[in-house]
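Undergrad:
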Amino acid sequence: MKAEQLGYTNVKVYHEGMPAWSKRNYSVLSPKFLQEAFIKKDIPHVLLDVRPAKKAKKGFIKGAVTLPAGKVKSALKNFPPPKKKAPIIVYDAKGGKKAVKAAKTLVKAGHKKVRLLTGGVKAWEKGKYPLEKGTLATEIVYVPKPRPGEMSMDAFMEIADKTPSNILILDVRNRDEANAGVIKGAMLVPDEEILDRMSEIPKNKMIVCHCATGVRAEMAYHKLKGKGYNVKFLNANIFIEKDGSYEIEK
562 MKAEQLGYTN VKVYHEGMPA WSKRNYSVLS PKFLQEAFIK KDIPHVLLDV RPAKKAKKGF
622 IKGAVTLPAG KVKSALKNFP PPKKKAPIIV YDAKGGKKAV KAAKTLVKAG HKKVRLLTGG
682 VKAWEKGKYP LEKGTLATEI VYVPKPRPGE MSMDAFMEIA DKTPSNILIL DVRNRDEANA
742 GVIKGAMLVP DEEILDRMSE IPKNKMIVCH CATGVRAEMA YHKLKGKGYN VKFLNANIFI
802 EKDGSYEIEK
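In the numbering used here, the protein residues as written are 562 to 811.
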């Protein structure tokens, strides 16, 4: 495992992966990931600033809705229904107790794509990303829309089951995840290695990217699309067994 290669000795592997984790817990994302994967690409999401409103208006992330942490539970009815699986990103000043409390409340209410911004506004500023000032939105709005390059689950399953010679499934998970199982015929190139290994990815085939949840697959899609590839991606949770069998859920 990569962690062991880096010198860590007490290493454990969570085999169920991110899809299973996200059903019962919140996850985290970096300021860079929020900017590159959501804001820059205009991907629909709910961005929640859980600091007191007076502090929030002095500097907040574009698109944020103000909702102090202590009011999240009473405002659950104002969120998109959990069945819509809206990505909900929570932040406070430093990624502290208020953001954690809000994230846990949302997960307990059934939301499965809750993320906490690591380091909060302080980390966002440190990364030299812009802040807005003034009045924040108070109404939570989520309007899902098809993502460019997104492939339906049915189309993906047909490709995975038949493995046509003119299509390559590109698994962009990391190696530790892939050790648990890989779809038959898929090529493993972790997302962070794609730009360095572009020459290994054939241009005479349609490339279909997948990860564990769809997030990294979409990032891989944009990298390959920018280099002229015929590429699509699966935007869904996928669970892969050691024998290559798999289950997909939206």
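Glycine included, each C-beta is placed from N, C-alpha and C at the ideal position.
Who are the Cβ neighbours of residue 586 in its own chain at under 8 Å, not counting the five residues just before and after it?
TA: 668
Undergrad: Between the beta-carbon of residue 600 and the beta-carbon of residue 568, is there less than 8 Å?
TA: no
Undergrad: Rounded to whole angstroms, what is the Cα-Cα separation between residue 758 and residue 699?
TA: 45 Å
Undergrad: Measure from the alpha carbon of residue 756 to the alpha carbon of each residue in 780, 766, 633, 773, then state which is nearest.
TA: 780
Undergrad: Hey, which unbroken runs of the alpha helix (DSSP H) at 4 residues or more fall wholly within the region 616-691?
TA: 658-669, 681-687
Undergrad: Take the Cβ of residue 734 as the centre, count every other Cβ of all protein chains shown within 10 Å, and call the residue buried at 16 or more, exposed below.
TA: Around the Cβ of residue 734, a 10 Å sphere holds 16 or more other Cβ atoms; the residue is buried.
Undergrad: May I ask you to report which of helix, strand or coil DSSP gives residue 808?
TA: The three-state secondary structure of residue 808, taken from DSSP, is strand.
Undergrad: Report the three-state DSSP secondary structure of residue 516 (helix, strand or coil).
TA: Limits of the chain in this structure are 562 at one end and 811 at the other, which puts residue 516 out of reach.
Undergrad: Alpha carbon to alpha carbon, how far is residue 754 from residue 793? Give it in angstroms, no decimals.
TA: 18 Å
Undergrad: Please tell me whether residue 676 and residue 648 are closer than 8 Å, where the distance is taken between their beta carbons.
TA: Taking 8 Å as the Cβ cut-off, residue 676 and residue 648 qualify as a contacting pair.
Undergrad: How would you write the range of the alpha helix (DSSP H) that residue 783 sits in, first residue to last?
TA: 776-787
Undergrad: Quick check: residue 741 and residue 732, are their CB atoms within less than 8 Å of each other?
TA: no
Undergrad: First and last residue of the alpha helix (DSSP H) that includes residue 601?
TA: Segment: none, residue 601 is in no alpha helix (DSSP H) and carries neither H nor E.
Undergrad: Along the chain, where does the alpha helix (DSSP H) containing residue 720 start, and where does it finish?
TA: 714-723
Undergrad: Distance check for residue 608 and residue 691, CA to CA, integer angstroms please.
TA: 15 Å
Undergrad: Would you mind reading off the limits of the alpha helix (DSSP H) that contains residue 757?
TA: Segment: none, residue 757 is in no alpha helix (DSSP H) and carries neither H nor E.
Undergrad: In whole angstroms, what is the alpha-carbon distance linking residue 603 and residue 636?
TA: 25 Å
Undergrad: Is residue 593 helix, strand or coil by DSSP?
TA: helix
Undergrad: Taking buried to mean at least 16 other C-beta atoms within 10 Å of its own C-beta, is residue 752 buried or exposed?
TA: buried
Undergrad: Could you spell out the range, first to last residue, of the alpha helix (DSSP H) harbouring residue 741?
TA: Residue 741 -> no alpha helix (DSSP H), and no H or E assigned at all.
Undergrad: Can you tell me whether residue 718 is buried or exposed, with buried defined as 16 or more other CB within 10 angstroms of its CB?
TA: exposed
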